[in-house]
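In the numbering used here, the protein residues as written are 46 to 301.
Backbone N, C-alpha and C fix where the C-beta goes; we use that ideal spot for every residue, glycine too.
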Amino acid sequence: MAAEICYILGADMDTKDNRVAQGGQEGAQRSLPFRLKLLFSFALCVGLFGCIEAVMRLARYEPLPDLREIHTAFATGEGPFYPSRDAEGQRVFRRNAPDKILSSFRYESFPSRKPSGRVRVFCLGESTVYGSPFPEKTAFPSWLEDALRAACPSADVEVIGCGVPGVDSFGVMAVARLAMRDWRPDILALYTGHNELLMANRLRLRLRAGLDRSLTHRTLWLLRRSRLYLVLKKQLPLGRRMDAEADREVARLREL
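Okay, structure coming up:
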C-alpha cells in the first residue's frame, strides 16, 4: 500500500514538473513573437522615415535655406531676384523661386521700373536684416520704412530687405554689387560684420565632426540634416507661438 502511494505521488510530481517545464517553454515561445513584433515595428518606422526622406530629396524640398549653397551662389554671382512679369504683364524683379538657391530672401518682388518720385532703399546684411528667427515685420527694414514714412509723409519710400542669415561680409558685398548693377537703388543700407568668424567656425566644426566617428554622433548628424527633421523643427508649436507673440509685440510698439 505504501509503495503504491509513493508511486502515485511520484507520478504526480513528475506531471507537475512536466507542466512547469512546458509552461516555461510556452513563455519563451510567447516572448519571441513580441521581440519580433518590436523589431518589425522599428524596421517599419525606419523604412517609413526613409521613404519620406527620399521623396523630399527627390522633390528637392528645402524647408530651410542651405547656407553653404547661398554663399557659393553669392561667390558665383547668382542674383537673389530675376526678371519676370506680374499678373498684369508688368516687368518685375521677382524673388528666386522656392527651388532656387536664394529662396531665403523674404521680399517677394518689386517692379523693375521704379515709379516716378519713389525713393527705393535696399537693406543688405545678414540675420539682423533678415529678422531671423522672428517674423519679417520685426526686422529693421520694416522699422526703417515706417520711420521714413512717419518722418516724410509726403515722400514715396520703399524699403526692400535683402538679408540672408549665416553669410559673412563677402556674401553681403556680392549682393551689393548685384544691387548696383541690376536694381538701381537710390540708397543702399549695409548692416554687416557680425558673421566674420562664421566660416572659420564651420570649418572647425566639420573637422571635429570628421574626427568623431562614434555611432551616436553620426546618427545625430544625419538626423539633423534630414528634411523631415527640418520640417518638424519648422512646424513645432513653439515656433508658431513665438511668431504670434512677436506679432502682438510689434502691434503694441507701433501704438506707442
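Of the residues the options, which one's Cα is nearest the Cα of residue i?
i       : options                              : result
Ser-271 : Arg-165, Phe-185 and Met-101         : Met-101
Leu-235 : Pro-78, Leu-169, Asp-201 and Glu-241 : Leu-169
Glu-171 : Phe-94, Val-276 and Gly-208          : Gly-208
Val-164 : Pro-230, Thr-183, His-239 and Leu-81 : Pro-230
Asn-302 : Leu-84, Val-174, Cys-90 and Ala-99   : There is simply no residue 302 to check, as the chain begins at 46 and stops at 301 in what is shown.
Ile-205 : Ala-219, Cys-96, Ile-97 and Trp-228  : Trp-228
Pro-159 : Pro-198, Ala-195 and Glu-203         : The displayed chain sequence assigns Lys, not Pro, to residue 159. Lys-159 has its Cα closest to that of Glu-203, out of Pro-198, Ala-195 and Glu-203.
Ala-224 : Leu-267, Leu-83, Ala-195 and Ser-157 : Ser-157
Leu-267 : Ala-104, Glu-98 and Phe-79           : Glu-98
Thr-264 : Lys-82, Pro-78 and Val-91            : Val-91
Can residue i and residue j be called in contact, C-beta distance under 8 Å?
i       : j       : result
Leu-233 : Phe-167 : yes
Leu-273 : Phe-94  : yes
Would you decide whether residue i is buried or exposed? Buried here means 16 or more other CB atoms lie within 10 Å of its CB.
i       : result
Phe-119 : Because Phe-119 carries a pLDDT of 48, less than 50, the predicted location of this residue cannot be relied on, and no value is offered for it.
Cys-237 : Here residue 237 turns out to be Thr, not Cys, going by the sequence shown. Thr-237 is buried by the Cβ-count criterion.
Thr-117 : Note that Thr-117 scores 48 on pLDDT, short of 50, meaning its location in the model is unreliable; the coordinates nonetheless yield the value given after this. Burial call: exposed.
Pro-210 : buried
Ala-219 : buried
Phe-150 : Only weak support is given to the placement of Phe-150: the predicted model assigns it a pLDDT of 49, under 50, and the value that follows is read from those uncertain coordinates. The residue in question, Phe-150, is buried, as its Cβ has 16 or more Cβ neighbours within 10 Å.
List the whole-angstrom C-beta distance separating residue i from residue j, where the pair is believed to meet the contact cut-off of C-beta under 8 Å.
i       : j       : result
Gly-176 : Asp-201 : With 8 Å as the limit, Gly-176 and Asp-201 do not qualify as a contact, their Cβ atoms being about 24 Å apart.
>> Could you check whether the stretch 207 to 219 touches the stretch 188 to 195, counting it as contact only if at least three pairs of C-beta atoms, one from each stretch, sit closer than 8 Å?
In response: Because the criterion of three Cβ pairs below 8 Å is not met, the stretch 207 to 219 and the stretch 188 to 195 do not touch.
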